[in-house]
Amino acid sequence: MEGTTGDKRPGGRKNTVEASLKKLEAVLEKLEDRGTPLERSFSLYAQGMELVKDINAKIDKVEKQMLILEGEGHE
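According to the numbering used here, the sequence shown holds residues 31 to 105 in order.
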C-alpha cells in the first residue's frame with residue numbers, strides 16, 4: 031500500500047506520509063529553539079502548515095481508498 035501514501039517527486043523519490051512527518055518534526059524542533067530568529071520562525075511556521083496540509087491530503091486519499099475497498103467487499 032506504499033503507493034497510496036505518497037506521490038512521486040522529481041528524482042524518482044516518493045514523498046510519503048512518514049517522510050512528511052519527519053520533515054514536520056524537524057520544523058517543529060527549529061521552531062521550539064529559542065535561538066531561532068522571528069523572521070525564520072514565520073518561514074518555518076509556513077513550511078509546517080504546508081506540510082500539515084500535505085499530510086492531511088494524503089491521509090484523506092488513503093481513507094477514501096479504504097472506504098471504496100470496504101464498499102466493494104459488501105457487494
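Yeah, the Cβ is synthetic: ideal placement off N, Cα and C, and Gly gets one too.
### Task
Tell me where the alpha helix (DSSP H) around R70 begins and ends.
Counting along the chain, R70 sits inside the alpha helix (DSSP H) bounded by residues L68 to G103.
### Message
Whole angstroms are fine: how far does the CA of Y75 sit from the CA of K52?
### Response
Using only the alpha carbons, I get a separation of about 15 Å.
### Message
When you compare the CB positions of I89 and V47, do they come within less than 9 Å of one another, or not?
### Response
For the 9 Å CB-CB criterion, I89 and V47 form a contact.
### Task
List the residues that DSSP assigns as beta-bridge partners of K52.
K52 pairs with nothing; no bridge assigned.
### Query
Who are the Cβ neighbours of Q77 in its own chain at under 6 Å, not counting the five residues just before and after it?
V57, listed in sequence order.
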